[in-house]
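Here is the structure we will look at.
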Amino acid sequence: MIWSSSHPHQPGGGRVGTLHTSASPVETPNFMPVGTRGSVRGLHSNLLVRSGAEIILVNLFHLWLRPGETVLRGAGGIRRFMGWNGPVLSDSGGFQILSLKDQRKVTEEGVHFRSPYDGAAVFLSPEEVVRFSQSIGVSIAMVLDHLVSSDEGEDKNREALERTLRWAKRSLDTMKMENREGPPEMALFGIVQGGLDPHLRSYCAATLSGMRGKEGAFFDGYGIGGLGIGESPSERVELIRAALSPLPQSAPRYLMGVGYPEDLIEAVAEGVDLFDCVLPTRNARNGMLFTRTGRVIIRNAKYAEDFSPVDETCSCLTCQTYTKAYLHHLFRTDEMLGPVLNTVHNVTFYLSLMKEMREQLVVGNFESWKNHMLNNLNTRGKHE
RNA sequence: GUGAGUGUAGCUCAAGGGCAGAGCACUGGUCUGUGGCUCCAGGGGUUGGGGGUUCGAAACCCCUCACUCACC
Numbered sequence: 333m334i335w336s337s338s339h340p341h342q343p344g345g346g347r348v349g350t351l352h353t354s355a356s357p358v359e360t361p362n363f364m365p366v367g368t369r370g371s372v373r374g375l376h377s378n379l380l381v382r383s384g385a386e387i388i389l390v391n392l393f394h395l396w397l398r399p400g401e402t403v404l405r406g407a408g409g410i411r412r413f414m415g416w417n418g419p420v421l422s423d424s425g426g427f428q429i430l431s432l433k434d435q436r437k438v439t440e441e442g443v444h445f446r447s448p449y450d451g452a453a454v455f456l457s458p459e460e461v462v463r464f465s466q467s468i469g470v471s472i473a474m475v476l477d478h479l480v481s482s483d484e485g486e487d488k489n490r491e492a493l494e495r496t497l498r499w500a501k502r503s504l505d506t507m508k509m510e511n512r513e514g515p516p517e518m519a520l521f522g523i524v525q526g527g528l529d530p531h532l533r534s535y536c537a538a539t540l541s542g543m544r545g546k547e548g549a550f551f552d553g554y555g556i557g558g559l560g561i562g563e564s565p566s567e568r569v570e571l572i573r574a575a576l577s578p579l580p581q582s583a584p585r586y587l588m589g590v591g592y593p594e595d596l597i598e599a600v601a602e603g604v605d606l607f608d609c610v611l612p613t614r615n616a617r618n619g620m621l622f623t624r625t626g627r628v629i630i631r632n633a634k635y636a637e638d639f640s641p642v643d644e645t646c647s648c649l650t651c652q653t654y655t656k657a658y659l660h661h662l663f664r665t666d667e668m669l670g671p672v673l674n675t676v677h678n679v680t681f682y683l684s685l686m687k688e689m690r691e692q693l694v695v696g697n698f699e700s701w702k703n704h705m706l707n708n709l710n711t712r713g714k715h716e
């Protein structure tokens, strides 16, 4: 059992629980800061912990290319290598099928990439993803999936979905069945695809739920992939619902790559347990800070002489120590401390929001809290 | 003091008689399983000053001012 619910489920569908990993437990719902290449950019592990992080995400594809298996094994695994004591979830490289789509070719066997580092031809298969994840000691591995953009059309979407399912089976077949007293040494999550079609989403989730590997293992949890790239928030809720309903209640559900604070609140209400997204870290580097009352674009001239913190109610190291005027100055002078302090704030904001959601779920006040927050948070930007 | 050169957007510079432009900076927006500060839009000028030639001058002529270099 990798996930257990510590409180009765809410009528609305939101739930709290604990994710049991081979490292340390993770309270859910929770958010994973993104550390693609083995670093949450700009943040020392102590700062991550101080910001509330319990689990972080790395990208297997990038680590596989650089520094590679020899270095990572020599270091004693990815967690020791990067000085992070908590659990690590690895994304497989499925997203790179989309983001590097001019430099790869997808076949039934796997994906041929051209390395973004040196141009070398490399081949990534579902089996290699599982094997490499185990080899470098990640806590939770995502299977290799085939992600297509939402405007690819129905045939491409269906084809990618069927391939994702065949790859999922091959991934599960690669897993050794463990005698599970405690948490699994490495958990493996399947990924629900299906584009913008709710029926395909349900079909995919149902198929994955019943899927067993050669030695009888089920998936330890499920990702919902391919969202946050074009659909409207209301479409997304419908697709999440379609994906979640066939999944076993006892398994953790992870909404991959999503999203804005409002998106997270809406997804938690549907029963999602885990998230990751580049928004808090990337936007921090580009000078956009999240607050409970909307966006703060720290470069704006109006902050030049604003000697108050970014958020009066925020307990992060940045807000406790520095003013908006100082962050504004750091941004304009291109000082490296700027992105670091901005990232500390945004990551703390996201993780505090998750903590608050857990608390609201426990006390049974989530629905009204949610409505209040959705009315006041205004972070989604102008293009929806 | 003499000679040469240069003055164009906040900065660095294009345009050598026909609508005065670029990069950076500035102003605002943007970023959804990260290819190492992304992407988009906007404001900004009596072309050092004055006079002249010309239908038309940043450009050609004269005067003047400022700066740079070389020589006394």
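Residue 333 is where the first sequence starts when you use the numbering used here, and the numbers rise one by one after that.
Think of the CB as a built atom: it goes at the ideal place given N, C-alpha and C, for glycine as much as any other residue.
Here the structure is a predicted model, which is why all the values come from computation and not from measurement.
Annotated three-state conformation of V628 is strand, per DSSP.
Contact between V475 and A500 holds: their C-beta atoms lie close to 5 Å from each other, under 8 Å. Nearest to L430 by C-alpha distance, out of P419, V443, G418, is V443.
Shown here, R446 sits in a strand according to DSSP, grouped into three states.
Ranked by Cα distance from R490, the options D529, S465, M518 are led by D529. Between P361 and V372 the beta-carbon gap is near 19 Å, outside 8 Å, which marks them as no contact. In the DSSP assignment, A636 falls outside any beta strand (DSSP E) and carries neither an H nor an E. Counted as a single uninterrupted DSSP element, the beta strand (DSSP E) harbouring V420 occupies residues 420 to 423.
Per DSSP, the beta bridge partners of L351 are W335, V358. DSSP places Y682 in the helix class (H, G or I) of the three-state scheme. The C-beta separation of E594 from L576 comes to about 18 Å, leaving the pair out of contact by the 8 Å criterion.
Straight through space, the alpha carbons of M414 and G367 are spaced by roughly 10 Å. Annotation note: the stretch 542 to 568 contains the following uninterrupted beta strand (DSSP E) runs of length 3 or greater, listed N- to C-terminal: 553 to 556. Just so you know, the alpha carbons of R495 and V438 end up roughly 10 Å apart.
If only complete runs of 3 or more residues are kept, the stretch 506 to 539 shows the beta strand (DSSP E) at 519 to 524, in order along the chain. Of the candidates G522, G553, N710, E691, the residue whose Cα lies closest to the Cα of G346 is E691. In the displayed model, L709 falls within coil according to three-state DSSP, outside both helix and strand.
Cβ atoms of I597 and K702 come within 8 Å of each other, at about 5 Å. Between the stretch 557 to 572 and the stretch 525 to 542, the count of C-beta pairs closer than 8 Å reaches three or more; the two stretches touch. For Y586, the three-state secondary structure derived from DSSP is strand. Under DSSP, A601 takes part in no beta bridge, so it has no partner.
Between the stretch 549 to 556 and the stretch 447 to 464, the count of Cβ pairs shorter than 8 Å is below three; the stretches do not touch. For V462, the enclosing alpha helix (DSSP H) starts and ends at 458 to 468. For L404, the enclosing alpha helix (DSSP H) stretches over residues 401 to 406. At the C-beta level, S354 and P516 come within 8 Å of one another. The continuous beta strand (DSSP E) containing A473 extends over residues 472 to 474. Across the structure, V694 and P357 are spaced so that their CA atoms are roughly 18 Å apart.
Secondary structure note for I429: its alpha helix (DSSP H) is the uninterrupted segment 426 to 431.
The Cβ atoms of R585 and P671 do not sit closer than 8 Å to each other. In the DSSP assignment, T623 is bridged to G626.
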